[in-house]
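**Q** Shown below is the structure under consideration.
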Amino acid sequence: MRISLRPELAKFVEEKVRAGHFPDADPVVNGALDAMRVQEASTAEDIEALRKELAEAVAQADRGEFVEFDAKSIIAEGRAELRRRRG
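Residue 76 in our numbering sits at position 50 of the sequence shown, and the numbers go up by one each step.
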């Protein structure tokens, strides 16, 4: 299969490879097509279900039903758990 990319897309692919995100152009294009396939597979029901879940999460946050955290506390908890497991 032969594929021709518009110049701006070819530049984007080259930048991803040059930055070390991908070894060559193939995984860049394959990743983009996988993302497109997933997006197209999303149905209206999937989107509506996600909207309902998000609305409930917002309502919970509005009621104060959440716990604040930051990366440092999560890392500290993880390290403490590792210490507990190691004895």
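Built from N, CA and C at the ideal position, the CB exists for glycine as well.
Note that the structure is a prediction, hence the values are computed from the model and not measured.
State the start and end residues of the unbroken alpha helix (DSSP H) segment that holds Pro-33.
**A** 33-44
**Q** How would you write the range of the alpha helix (DSSP H) that Glu-71 sits in, first residue to last?
**A** 70-88
**Q** Quick check on Ile-29: does DSSP put it in helix, strand or coil?
**A** If DSSP states are grouped into helix, strand and coil, Ile-29 belongs with coil.
**Q** Can you tell me where the alpha helix (DSSP H) with Glu-91 in it begins and where it stops?
**A** Premise fails: Glu-91 is in no alpha helix (DSSP H) and is neither H nor E.
**Q** In whole angstroms, what separates the C-alpha of Ser-30 from that of Val-54?
**A** 14 Å
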